[in-house]
Amino acid sequence: MQLIELKEQDKLKYNSFVASHPSGSFLQSWEWGGWQENLGREVYRFFLMDSDSVAGSMQLIRMPVLGKRFYLYAPYGPVLAKGENFKFQISNFQGIFNDLKSRFPEALFIRIEPKDQQLPATCYQLLAKSTHIQPVNTLVLDLSKSIDQLLKEMHPKTRYNIRLAQKHGVEIVSDLAIVPGHGLYLEEVLGLIMETAKRQNFKTFTEDYYRGLLDFFGAQNHCGDLKIYIYKALYGRELLAAAVMVDFGKVRTYLFGGSAAAHRDVMAPHLLHFKAISDAQALGLRSYDFWGLDTVKEKNPGFARFKLGFGGKRLEYPGAYDLVFAKGQYRFYQVLRWLNRLRF
Numbered sequence: 018m019q020l021i022e023l024k025e026q027d028k029l030k031y032n033s034f035v036a037s038h039p040s041g042s043f044l045q046s047w048e049w050g051g052w053q054e055n056l057g058r059e060v061y062r063f064f065l066m067d068s069d070s071v072a073g074s075m076q077l078i079r080m081p082v083l084g085k086r087f088y089l090y091a092p093y094g095p096v097l098a099k100g101e102n103f104k105f106q107i108s109n110f111q112g113i114f115n116d117l118k119s120r121f122p123e124a125l126f127i128r129i130e131p132k133d134q135q136l137p138a139t140c141y142q143l144l145a146k147s148t149h150i151q152p153v154n155t156l157v158l159d160l161s162k163s164i165d166q167l168l169k170e171m172h173p174k175t176r177y178n179i180r181l182a183q184k185h186g187v188e189i190v191s192d193l194a195i196v197p198g199h200g201l202y203l204e205e206v207l208g209l210i211m212e213t214a215k216r217q218n219f220k221t222f223t224e225d226y227y228r229g230l231l232d233f234f235g236a237q238n239h240c241g242d243l244k245i246y247i248y249k250a251l252y253g254r255e256l257l258a259a260a261v262m263v264d265f266g267k268v269r270t271y272l273f274g275g276s277a278a279a280h281r282d283v284m285a286p287h288l289l290h291f292k293a294i295s296d297a298q299a300l301g302l303r304s305y306d307f308w309g310l311d312t313v314k315e316k317n318p319g320f321a322r323f324k325l326g327f328g329g330k331r332l333e334y335p336g337a338y339d340l341v342f343a344k345g346q347y348r349f350y351q352v353l354r355w356l357n358r359l360r361f
């Protein structure tokens, strides 16, 4: 097996492989790499080739540490092909380790966060367990089921709240994120998201980050493989809930959202997600990912209980592992991270 670095002309083939894989994620999409480049980071994309067949893919983002030193990060990657023809062995892993180390001599390590357990146990002797960045626990709905079946599998209180929101006349509207022209529409949504994070004491990105993300993907929503939708729940003219959905491959992911403190009794967020689920099914998507259940501080916080009310299947991923190139400096990095309480 060998690593082949990809170029722009490989975009369609790369996205097709990631999108068709059961563990493929929008975080490994070419478009998400483009967003990282827009933030000023270098991005590298690879195919792992077994003769003439693609045995895996990996998108690496260069993250600065100190001076010229950096680490490479594969969010929800690598993505490895399944099947008897692609049994990944320790010898393959060692060869890839040596190849990456020679390509990136100033890298301290590579952090991987695979979504499945395809790596054999022997490979983990080359890896150091690390702190996860992406959600390790999530909730996924199977959209191959009928809407009636999905409703049946929801918690009775969730079904009741959906009907209650409908009875109160809550209206759900959705649009592809596009630019230019967001104007007050986008500002209102972002304001609600930031207000919710502050009220619930969640660590979040800045408003400028969210605005930049929506503008970046909105500019290419009509031509890329990754689509972003903005959902709003309106009570009269008042915005009570908003959510940003990412569609890639056959999966819709609830990326982030917010809800107002007012009129909580009309249960707008429940109807918003039900509409997003119904729309995803109508588009032919196979899964609806609620994007995380735990926070750093606690398991099953309030927002997780809200998500779990929709039924679905809880998934747990392996977490993060570091492929260490410079052991001494890696230990220094770990001490520095601990002292500053930062997740580099």
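Just so you know, my numbering puts 327 at position 310 of the sequence shown, and the rest follows in order with no gaps.
All C-beta atoms, glycine included, are put in the ideal place defined by N, C-alpha and C.
query	result
Below 8 Å, how does it come out for the segment 227-235 and the segment 187-195: are there three or more Cβ pairs, yes or no?	yes
Going along the chain, which unbroken runs of the alpha helix (DSSP H) with 4 or more residues stay wholly within the segment 150-228?	164-170, 173-184 and 200-217
Check whether the segment 248-267 and the segment 283-296 touch, using three or more Cβ-Cβ pairs below 8 Å as the test.	yes
What do you get for Lys324, buried or exposed, if any count of 16 or more other CB atoms within 10 angstroms of its CB means buried?	buried
Given this structure, state the Cα-to-Cα distance separating Arg228 from Ile113, to the nearest angstrom.	38 Å
Pull up the distance between the alpha-carbon of Cys140 and that of Glu333, whole angstroms please.	20 Å
For the beta strand (DSSP E) that Val263 lies in, which residues bound it at each end?	Glu255 to Phe265
Would you mind sorting Glu21 into buried or exposed? The rule is 16 or more other CB atoms within 10 Å of its CB.	The sequence given here has Ile at residue 21, not Glu. Ile21 comes out exposed.
Following the continuous beta strand (DSSP E) through Val82, name the residue where it begins and the one where it ends.	Looking at the DSSP string, Val82 is not in any beta strand (DSSP E), and its letter there is neither H nor E.
At which residues does the beta strand (DSSP E) containing Tyr252 begin and terminate?	Leu243 to Tyr252
Report yes if the C-beta distance between Lys118 and Phe342 is below 7 Å; otherwise report no.	yes
Can you grab the Cα-Cα spacing for the pair Pro335 / Val261, in whole Å?	26 Å
For a quick check, are the C-beta atoms of Ser70 and Val35 less than 7 Å apart?	no
Under the rule that 16 or more other beta-carbon atoms within 10 Å means buried, what is Ile164, buried or exposed?	exposed
Classify Val268 as buried or exposed, calling it buried when 16 or more other Cβ atoms lie within 10 Å of its own Cβ.	buried
Below 7 Å between beta carbons: does that hold for Leu272 and Ser46?	no
Taking DSSP as the reference, what is the three-state secondary structure of Lys146?	strand
Whole-angstrom Cβ separation of Ala182 and Leu288, contact assumed at under 8 Å?	4 Å
Let's see if you can read the secondary structure: which residues bound the beta strand (DSSP E) around Phe64?	Val60 to Asp67
Could you check whether the Cβ of Tyr227 sits closer than 6 Å to any heavy atom belonging to the ligand FAD?	Questions concerning the ligand FAD fall outside what the structure shown contains, since it holds no ligand whatsoever.
Measuring only the C-alpha atoms, how far is Ser17 from Glu130?	Any question about residue 17 goes unanswered here, given that the chain covers just 18 to 361.
Would you mind sorting Asn32 into buried or exposed? The rule is 16 or more other CB atoms within 10 Å of its CB.	buried
Straight-line CA distance for Phe110 to Ile150?	23 Å
Looking only at its own chain, which residues have a Cβ that is under 8 Å from the Cβ of Leu356, when we skip the five neighbours before and after it?	none
Going by other Cβ atoms of all chains shown within 10 Å of its Cβ, with 16 needed for buried, is Glu255 buried or exposed?	exposed
Please report the distance separating the alpha-carbon of Tyr93 from that of Phe219.	22 Å
Once DSSP output is grouped into helix, strand and coil, what is the label at Glu123?	coil
So which of Lys146, Leu207, Gln134 and Ser191 has the shortest CA-CA distance to Tyr347?	Lys146
Going by DSSP in three states, Leu97 sits in which element: helix, strand or coil?	strand
Measuring alpha carbon to alpha carbon, tell me which of Val96, Leu136, Ile245 and Tyr88 ends up nearest Ile127.	Tyr88
Return the residue from the list Lys99, Tyr305 and Glu54 that minimises the CA-CA distance to Lys330.	Tyr305
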